[in-house]
Amino acid sequence: MGTALVIENDPTDDPRRLGEWLVEGGLELRVLRPHAGDDIPDDLDGYVALVVLGGDQHAYPTPDGTPGAPWFGKLEGLLRKAVRHRVPTLGVCLGAQLLATAHAGLVERSPSGPEVGPAVVGRRDAAETDPLFRYVPLIPDVLQWHTDEITELPHGATLLAASTRYPHQAFRLGDRAWGLQFHIECDTAMIADWAAGSALLDELGYDPELVVAACDRVMADVEEVWQPFAIRFAALALGELGDDSVRRPLPLLGH
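FYI, the UniProt record's numbering numbers position 200 of the sequence shown as 200, with every residue one higher than the one before it.
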């Protein structure tokens, strides 16, 4: 057994199904909740993987320089250490954006507008040699709920999935860190909580009940694709995958 460190940035976005799949893959989870006062560790000693979840915050600072959350600076430093030391890392939505900004990528308010609800993304050619994405279908189902996007990937990142309006849907940094702009962790109850009284849905003119129902219809399809993905990530973290085919030099930013 090995322990994955999970950073929960927002109480409304917990590990949920992703956590269940990682445990099924043999990992133990230690969930830290900096939004509730938990400290971000200085390093990843004792952990075999790092998972950073989503949240309602922005990965970029406000105009006066205030970070999206007080702990983001330390979390970005931890993400840099994870990449440099080849600790298997998975960032989901905001977590993917923070993985990008930690390595000099750019995250901005999406010029294409918000993306909400069930969607598909297209796997890129580079996914053919990726230890996790090579087994993902060409056009997998995903769940979307974001207003920001990664407009510039970090230097040296490998694009793994895209869509027409949002070109950077999934990427790999180095050989063991993945960022997913979309959500794979949600269940229907989580989506329902997000939809209840959502200002974003009001802005878009979407009926919350219809959004929840549409997401619910694809939950089985999302699980069919991303549960095996999570299991493979756990196997990589536990040293059971044995695939070094994508090893490449890593960006060395920060400490």
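We put the beta carbon where it would ideally sit given N, CA and C, even for glycine.
The model shown is predicted, which means the values in this text are computed figures rather than measured ones.
As a quick exercise: from the options, pick the residue whose alpha carbon is nearest that of residue i.
i: Ala126; options: Leu143, Glu149, Phe171; result: Phe171
i: Pro114; options: Glu185, Arg165, Gly37, Ala157; result: Arg165
i: Arg176; options: Glu185, Gly91, Val83, Val212; result: Val83
i: Arg134; options: Gly117, Leu159, Asp221; result: Leu159
i: Ala214; options: Ala234, Val116, His103, Arg30; result: Val116
i: Thr188; options: Leu200, Ala161, Tyr206, Ala220; result: Ala220
i: Ala161; options: Val120, Pro61, Ala36; result: Val120
i: Asp193; options: Glu152, Pro88, Asn9, Glu209; result: Glu209
Could you have a look at residue i and say whether DSSP puts it in helix, strand or coil?
i: Gln57; result: coil
i: His35; result: helix
i: Gly68; result: coil
i: Ala237; result: helix
i: Ala157; result: coil
i: Arg16; result: helix
i: Arg176; result: coil
i: Gly73; result: helix
i: Gly91; result: strand
i: residue 256; result: Outside the displayed range of the chain (1 to 255) lies residue 256, so it cannot be described from this structure.
i: Leu201; result: helix
i: Thr62; result: coil
Here's a check: name, in chain order, each residue in its chain whose Cβ is nearer than 8 Å to the Cβ of residue i, leaving out the five neighbours to either side.
i: Asp43; result: Leu78, Lys81
i: Ile40; result: Ile7, Leu32, Pro34, Trp71, Lys74, Leu75, Leu78
i: Glu28; result: Met1, Gly2, Thr3, Ala4
Might you give, ordered along the chain, the residues of its own chain that have their beta carbon closer than 7 Å to the beta carbon of residue i, omitting 5 neighbours on each side?
i: Gln227; result: Trp21
i: Met190; result: Arg16
i: Val23; result: Leu29
Look up residue i in the DSSP assignment and give the residues it is bridged to.
i: residue 264; result: There is no way to answer for residue 264, as the model of the chain reaches only from 1 to 255.
i: His146; result: Glu115
i: His183; result: Leu143
i: Gly106; result: For clarity, residue 106 is Leu in the given sequence; the question names Gly instead. Looking at the DSSP assignment, Leu106 forms a beta bridge with Glu152.
Output needed for residue i: all residues of its chain with C-beta closer than 6 Å, excluding positions within five of it in sequence on either side, in chain order.
i: Asp13; result: Leu53, Gly54, Gly55
*Can at least three beta-carbon pairs, one atom from the stretch 130–145 and one from the stretch 173–183, be found at a separation below 8 Å?*
In the pairwise beta carbon analysis, the stretch 130–145 is classified as touching the stretch 173–183: at least three pairs are separated by under 8 Å.
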